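Asker: Sharing a structure, written as structure tokens. Questions coming.
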Amino acid sequence: MSEQSIYLRDQAAKCEAHARAIADDQTQTELRKLAAEYIVRAADIESKE
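What follows is the structure, encoded as structure tokens:
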């Protein structure tokens with residue numbers, strides 16, 4: 002794994018953790034969308050390695 006894909010996966014995990022800690026449904030949804038985007042970007046980088 003590259004440093005960039007590791008970073009993106011770490012950021013995704015942080016977004017998921019924040020989503021679990023926040024009561025606002027809209028914010029949870031947005032954080033989970035962002036986490037999913039990070040995972041997709043990390044997977045794309047890893048597939049090119």
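Oh and the sequence shown: position 18 is 19 in our numbering, straight run, nothing missing. Every residue, glycine too, gets a C-beta built ideally from N, C-alpha and C. Here the structure is a predicted model, which means the values were calculated and not measured.
Report the three-state DSSP secondary structure of S48 (helix, strand or coil).
Answerer: Mapped onto the sequence shown, residue 48 falls at position 47. Looking at S48 - three-state DSSP - the assignment turns out to be helix.
Asker: Can you tell me whether S48 is buried or exposed, with buried defined as 16 or more other CB within 10 angstroms of its CB?
Answerer: Here the question's residue 48 lines up with position 47 in the sequence shown. Classification for S48: exposed.
Asker: Among residues of its own chain, excluding the 5 on either side of L9, which ones have a beta-carbon nearer than 8 Å to its beta-carbon?
Answerer: Here residue 9 refers to the residue found at position 8 of the sequence shown. For L9, where only same-chain residues beyond five positions count, the Cβ hits under 8 Å are Y39, I40, R42, A43 and I46.
Asker: How long is the line joining the alpha carbons of M2 and A13, rounded to whole angstroms?
Answerer: Sequence index remark: in the sequence shown, residue 2 carries index 1 (1-based). Sequence index remark: in the sequence shown, residue 13 carries index 12 (1-based). Between M2 and A13, the C-alpha separation is close to 15 Å.
Asker: Give the DSSP-derived three-state secondary structure of A20 in the structure shown.
Answerer: Along the sequence shown, one-based indexing puts residue 20 at 19. DSSP places A20 in helix when its eight states are reduced to three.
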